[in-house]
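J.: My numbering puts the first residue of the sequence shown at 90, with every later residue one more than the last.
Where a beta carbon is used, it is the ideal one built from N, C-alpha and C, also for glycine.
Being a predicted model, the structure only gives us computed values, none of them experimental.
Please find one structure pasted underneath; my questions will follow.
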Amino acid sequence: HQTRVLHGPFLMGIAFQIKSYLHNLISDTGLHYDRYLREVIEYLEKDPHFREKLKNANMDDIKQGKLSKELNFVQHNFRTKLDELKREEMNRLRMLIKAKHDIKEGNGQTVDHQALLKQFEHLNHKNPHTFEVDDLDRLIKSATNDLENFDKDRHDEFKQYEMMKEHERRQRLKNLNEEDRKKEEEHYEEMKKKHASHPKVNHPGSEDQLKEVWQEADGLDPEDFDPKTFFKMHDSNGDGFFDESELEALFTKELEKVYNPENEEDDMVEMEEERLRMREHVMNEVDTNKDRLVSLSEFMAATKKEEFYEKDEWETLDQNPLYTEEELREFEQQLANEENDINKKSAELQKEREELERKQEELDAQKLGLKQAMEEMERVKSQSLNADVKREYEIYDK
């Protein structure tokens, strides 16, 4: 259980990628066209005119496509390179889609053409040769939209993970006798109680939470807590913003109160979901311009709000049901349907295998019969030849 629900560093918004320039583009966004996105921005940032426009662009300009029109003024040599990048991306996607298509066809599955075409949403596939304004517009809008939906997808995957855990637990109980089942249930309840027994978890982004980081992680006196100094200390890349990964790093001390990888009752996948929930909560309260970044001014403004002095304990995952019994039943029915499909396919494959084996046996029998017939013919032929030779010798002797 000590793996992340999704791989890689946490996401950074498209505005962060653009306005923080190339040194922030090293992080993997998790998008399937991540490399293409970063290479396009890298080359655009090298153009003096476009770089100047990037500096002055706000999030609304980016989302509305105003920035894309500036592509018309990018130098020819950069446009040529962008054309080349687009052709490479088109070729990559064609191979990817062909592979997906072949795999699905080979498995006898229905090919979802709409899902395959969705792979192309970040570029204009009707013009596969040159990089135009529409390509940049599509790329920015796709990345913005996909990144905004990424957290939702992670929550959905985590919910599936938790339902699978519960399904497997109940299946194990069914296979136990009454005495062992009772012991297992008691152990399960004991683990739940142990997990729920932990020090107070401070509200993410509250004064108490930040002061605890200031004292325990930074080794400073909580009486000397200064929000501006705190911000600069934890802005690890010094760009004047808290990005999502920098923000999430602030919650480690709180999470360690609840989760320990050495404890049987603590699931590290749940810890990462808790970290994500904390980050979303703070972003919703502090990121007023919704650019997926927390600026110094936004951070300082948040410290003056009433919520900053929140004393209530943060409600952890185990205090908030993730799914209903009805949802679990639907999930289990889906698993049963998938298992039936697999069993049906397996039975069909077994039948095909048996048929092939039967035909192979028939073929082997035919080969053996043919071999025996040829050997018999050779034997008869040899006997006949020997008889002829013998007669000739007898005639010669006479």
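Tell me whether Phe330 sits in a helix, a strand or coil according to DSSP, three-state version.
T.: Strand at Phe330.
J.: Do His287 and Lys342 have their beta-carbon atoms positioned less than 7 Å apart in this structure?
T.: Their beta carbons are not under 7 Å apart, which means Lys342 does not touch His287 by this criterion.
J.: Who are the Cβ neighbours of Phe331 in its own chain at under 6 Å, not counting the five residues just before and after it?
T.: Here the set comprises Val383.
J.: Where does Leu299 land, buried or exposed, given buried means 16+ other C-beta within 10 angstroms?
T.: By the 10 Å Cβ count, Leu299 comes out buried.
J.: Give the straight-line distance between the Cα atoms of Val200 and Leu265, rounded to the nearest whole angstrom.
T.: Residue placement at Val200 is poorly supported in this model, since its pLDDT is 46, which falls under 50; the coordinates still yield a value, given next. Roughly 42 Å separates the two Cα atoms.
J.: Under three-state DSSP, which class holds Val290?
T.: Coil, per DSSP.
J.: What does the alpha-carbon distance come out to for the pair Lys272 and Gly294?
T.: Roughly 41 Å separates the two Cα atoms.
J.: According to DSSP, is Ser473 helix, strand or coil?
T.: Looking at Ser473 - three-state DSSP - the assignment turns out to be helix.
J.: Please list, in chain order, all residues of the same chain as Glu320 whose beta carbon is under 6 Å from its beta carbon, the five residues on each side excluded.
T.: The amino acid occupying residue 320 in the given sequence is Phe; Glu does not appear at that position. Cβ within range, chain order: Leu385 and Phe388.
J.: May I ask which residues mark the beginning and end of the alpha helix (DSSP H) holding Pro316?
T.: Unbroken alpha helix (DSSP H) run through Pro316: Pro316 to His323.
J.: Enumerate in chain order the residues of its own chain whose CB-to-CB distance from Leu489 is below 6 Å, with the five nearest sequence positions on each side excluded.
T.: The requested residue 489 is not part of the displayed model; the chain covers only 90 to 487.
J.: Give the secondary structure of Ser384 by DSSP, where H, G and I count as helix, E and B as strand, and everything else as coil.
T.: Ser384 falls in the strand class under three-state DSSP.
J.: Report the residue ranges of all beta strand (DSSP E) runs contained in full by the region 350-397; include only those spanning at least 3 residues, in chain order.
T.: The qualifying runs do not exist here; there are none.
J.: With Tyr277 as the anchor, note down where its alpha helix (DSSP H) starts and where it stops.
T.: Looking at the DSSP string, the run of the alpha helix (DSSP H) that includes Tyr277 is Glu267 to Ala285.
J.: For a test of the three-state rule: what should DSSP assign to Gly308, helix, strand or coil?
T.: Reduced to three states, the DSSP call for Gly308 is coil.
J.: For the putative contact between His355 and Asn349, defined by C-beta atoms under 8 Å, what is the C-beta separation to the nearest angstrom?
T.: Per the sequence shown, the amino acid found at residue 355 is Asp instead of His. Correct: roughly 5 Å between the Cβ atoms.
J.: Per the contact definition of three or more C-beta pairs closer than 8 Å, is the region 409-421 in contact with the region 248-257?
T.: Touching, yes.
J.: Quick one: measure Cβ to Cβ for Lys170 and Asp297, integer angstroms, because I've assumed they're closer than 8 Å.
T.: Actually they are not in contact, since the Cβ atoms of Lys170 and Asp297 sit about 51 Å apart, beyond 8 Å.
J.: Once DSSP output is grouped into helix, strand and coil, what is the label at Pro410?
T.: DSSP places Pro410 in coil when its eight states are reduced to three.
J.: Looking at Leu344: is its Cβ nearer than 7 Å to the Cβ of Met360?
T.: Their beta carbons are under 7 Å apart, which means Leu344 touches Met360 by this criterion.
J.: In whole angstroms, what is the alpha-carbon distance linking Pro137 and Leu174?
T.: Using only the alpha carbons, I get a separation of about 20 Å.
J.: Buried or exposed for Lys281, going by 16 or more other Cβ atoms inside 10 Å?
T.: Per the 10 Å Cβ criterion, exposed.
J.: For a test of the three-state rule: what should DSSP assign to Asn145, helix, strand or coil?
T.: DSSP places Asn145 in helix when its eight states are reduced to three.
J.: Could you check where the alpha helix (DSSP H) with Asp297 kicks off and where it finishes?
T.: Element bounds for Asp297: Glu296 to Glu301.
J.: Nearest-angstrom Cα distance between Ala462 and Ala436?
T.: Distance between the alpha carbons of Ala462 and Ala436 is about 38 Å.
J.: Nearest CA to the CA of Ala390: which residue from Leu365, Trp403 and Asp376?
T.: Out of Leu365, Trp403 and Asp376, Asp376 has the C-alpha closest to the C-alpha of Ala390.
J.: Please report the distance separating the alpha-carbon of Glu246 from that of Asn238.
T.: One C-alpha to the other measures close to 13 Å.
J.: Give me the Cα-Cα distance between Glu351 and Glu131, rounded to the nearest whole angstrom.
T.: Near 43 Å, if we compare the C-alpha coordinates of Glu131 and Glu351.
J.: Between which two residues does the alpha helix (DSSP H) holding Leu344 run?
T.: Residues Thr341 to Val347.
J.: Note down, in chain order, each residue of its chain lying with its Cβ closer than 7 Å to the Cβ of Asp549, except the 5 sequence neighbours on either side.
T.: Summary: the structure shown does not reach residue 549, with the chain confined to residues 90 through 487, and so no result is reported for it.
J.: Taking the alpha carbon of Gly129 as the reference point, which residue from Asn145, Lys142 and Phe167 has its own alpha carbon closest?
T.: The sequence shown places Val at residue 129, not Gly. Taking only the C-alpha atoms, the option nearest Val129 is Phe167.
J.: If contacts are defined as beta-carbon pairs under 8 Å, then Val290 and Thr392 qualify, I think. What distance do you get, rounded to the angstrom?
T.: Not really, about 20 Å apart at Cβ, beyond 8 Å.
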